[in-house]
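Chemist: So the sequence shown is residues 3 to 145, counted in the working numbering.
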Amino acid sequence: MNIDVPFARAAIGPVAGVGTFLLLTGGRFPRLLPRPLGRGMVIRWLGIVAGAGCEEVVWRGICLGGLLLVVGPWPALMASSTGFALWHWPSLRGRCTIHFATGVAFGGAFLVGGLVAAIVAHALYNLVVDWAIHAERARLRGP
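1) With 16 as the cutoff for other CB atoms within 10 Å, does Ile121 come out buried or exposed?
2) Using only the alpha-carbon positions, how far apart do Gly67 and Arg143 sit?
3) Quick check on DSSP: helix, strand or coil for Phe112?
4) For Thr99, does the three-state DSSP call read helix, strand or coil?
5) Going by beta-carbon coordinates alone, are Ala125 and Ala78 separated by less than 8 Å?
6) Mapping the DSSP letters down to three states, classify Gly29 as helix, strand or coil.
7) Phe108 and Ala123: beta carbons closer than 8 Å?
What follows is the structure in structure tokens.
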């Protein structure tokens, strides 16, 4: 069985995004739907997707892509992931180390599948994180 290369490249985005979430949470996927599910949540998620897209254009498209031309893939991936983590430092402080790991994952998606794969990986990761946060809040509030 042959796998179509463009399909395989496109599939790296969802695999990297959800896979990174599962790795960082020890395999815990949210079981409840976030509440309330409605127009407000859709608007919130559209904003999350747009933000992820903008970050990927900067950190993978411009930074990683530019560094690739100068230092090669591994140093470029490490440098751009470090920059991505440090960029999140003002709001997250010590927790920005997670952004180094996600930066490596999204950068890997970029190296294998291109900018669209990195955007999809980042957007799905952020959406699942938001879903998990809202699902946990709903669980704590009870029925």
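From the three backbone atoms N, C-alpha and C, an ideal C-beta is built for every residue, glycine too.
Modeler: A quick look at the data gives this:
1) Start at 1 with the first residue of the sequence shown, and residue 121 comes out as number 119. With 16 or more Cβ atoms within 10 Å of its Cβ, Ile121 is classed as buried.
2) Taking the sequence shown and counting its residues from 1, one reaches residue 67 at position 65. Taking the sequence shown and counting its residues from 1, one reaches residue 143 at position 141. Annotation: Gly67 to Arg143 spans about 45 Å, alpha carbon to alpha carbon.
3) As a first step, residue 112 is located in the sequence shown; it is residue number 110 there, counting from the start. The answer is helix: DSSP assigns Phe112 an H, G or I state.
4) Taking the first residue of the sequence shown as 1, we reach residue 99 at position 97. Thr99: helix per DSSP, three-state reduction.
5) Within the sequence shown, numbered from 1, the residue matching residue 125 stands at position 123. Within the sequence shown, numbered from 1, the residue matching residue 78 stands at position 76. Taking 8 Å as the Cβ cut-off, Ala125 and Ala78 do not qualify as a contacting pair.
6) As a working note, residue 29 is residue 27 in the sequence shown. Gly29 falls in the coil class under three-state DSSP.
7) Looking up residue 108 in the sequence shown gives position 106. Looking up residue 123 in the sequence shown gives position 121. In this structure, Ala123 lies closer than 8 Å to Phe108 by Cβ.
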